[in-house]
Ligand SMILES: [Fe+2]
Ligand SMILES: [Fe+2]
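Residue numbers (our numbering): 17 to 487.
In structure tokens, the structure reads:
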């Protein structure tokens, strides 16, 4: 009874801690916004003091801020990632945007109005979050400068069009070199548009546009890792760099827990291809699979894939076994924080086991004591909160089950996967992830296909005498 209460207390404590964290996250996002608005107002006043007056500050407060709260805040509150990690995602959206506005105020003051460019912030926000939010960043930037120059709609459009183009064409970028196309298209759009609306630009002005956009792209590439480290929101480029197998953390995993390392590699293939079928972030799925069991570098021998001869669980109680298994999740979270892995990878580490019961130890405990208490044998959770996290959970269980199968054939593997997914579904593990039944069906189909492909039998080659093969 005492144990039961202590577990309930711990769960309530965990929940209230989560709530506290959410509130803390929410308010630190608000503080960041207020701080940046004040900073922006002060910078505008200092840098463009001669041209604007009282009039700008009034329009800023009466037009820009209401527009911000009605468009930006409402749009971003619906975004699942902003809901999950508001502090990190607000930082990934606001800091590049406001930094770019302040840089362009300097450019305007010391270079030329022609040199104002949205590319830097739009590109960073698109790469870090997604292209819709990138377009929103471009829109806000254009509105700000439009207001600054006396509600100049043409100028607003002149800034917004290239932002739209650059965001749209960089939405699938995975390698740095691919940035060239959006840069060229955005610069061309900007030049053609200025020609059409008859802004009297000289050839020199067009060259400035090209140059500034080019520098914006260069700065983006240089500054991107800094934003990733600071916000723990990673672009696909950053994720791929992180998933480099010579990463020290992954090297440590391969040395200390080779079985887990191999298991993670298989899951990365399964998760990547399964996520592709639902148009999810397959790079996130692949890289988070590498790290999902990283906590197993502590006491690797307690996990079946690393056991060579004896099973250390034989000598300890089922309750202690359960605690040790839980630790691969909690220690994994600790490592994710320490090495500043992306927040979404930390989520996947904490969610990949959900709140599932370790049935083997639960059963053993029941046989020993006659007490049925599943709470002692549950993983700490939470259950998957987004699609890629759920895909990883399904792949993890599927890989473990297929590894225990003697013979892999299509009928049997289909049946097994149906059982696994039904069980996860009925346990409520997939309740919060947002996957539809159609998507679950697609994921299952792709996992079966990939497992069959990975396990296909090689034809046996006839043995030929080495002498015959000599030239
Ligand atoms: Fe695990
Ligand atoms: Fe695993």
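Virtual Cβ for every residue (Gly too), placed ideally from N, Cα, C.
Range of the contiguous alpha helix (DSSP H) that encloses residue i
i	result
residue 428	426-443
residue 390	That residue, residue 390, is in no alpha helix (DSSP H); it is neither H nor E in DSSP.
residue 106	102-126
residue 174	169-185
residue 374	First-last for residue 374: undefined, no H or E at that position.
residue 452	Note, residue 452: premise wrong, no alpha helix (DSSP H); not H, not E.
residue 93	90-93
residue 290	274-293
residue 346	334-354
residue 305	298-307
residue 406	403-419
residue 152	147-164
residue 359	359-367
residue 135	135-144
Alpha-carbon to alpha-carbon, residue j and residue i
i	j	result
residue 180	residue 127	24 Å
residue 141	residue 130	23 Å
residue 468	residue 461	11 Å
residue 20	residue 427	Because the pLDDT at residue 20 is just 45, under 50, the model does not fix this residue reliably, and the point stays unresolved.
residue 124	residue 165	11 Å
residue 273	residue 377	22 Å
residue 267	residue 261	7 Å
residue 313	residue 269	6 Å
residue 406	residue 373	17 Å
residue 174	residue 229	14 Å
residue 488	residue 375	Nothing about residue 488 can be read from this structure; the chain reaches only from 17 to 487.
residue 356	residue 248	6 Å
residue 259	residue 288	13 Å
residue 443	residue 58	54 Å
residue 327	residue 320	8 Å
residue 28	residue 464	Residue placement at residue 28 is flagged as unreliable, the pLDDT there being 44, under the threshold of 50; the coordinate-derived value follows with that caveat. Answer to the nearest angstrom: the Cα atoms are 39 Å apart.
residue 276	residue 76	55 Å
residue 297	residue 154	23 Å
residue 481	residue 471	29 Å
residue 271	residue 324	15 Å
Residue i beta carbon near ligand 1 (any heavy atom closer than 7 Å)
i	result
residue 412	yes
residue 375	no
residue 368	yes
residue 308	yes
residue 344	yes
Ligand 2 heavy atom lying under 7 Å from the CB of residue i
i	result
residue 361	no
residue 313	no
residue 349	no
residue 279	yes
residue 283	yes
8 Å Cβ cutoff, residue i in contact with chain D
i	result
residue 76	As a matter of chain content, chain D is missing from the structure shown, which is built from one protein chain.
Restricting to runs no shorter than 4 residues, where is the alpha helix (DSSP H) found entirely within the region 202-260? 219-247, 252-258
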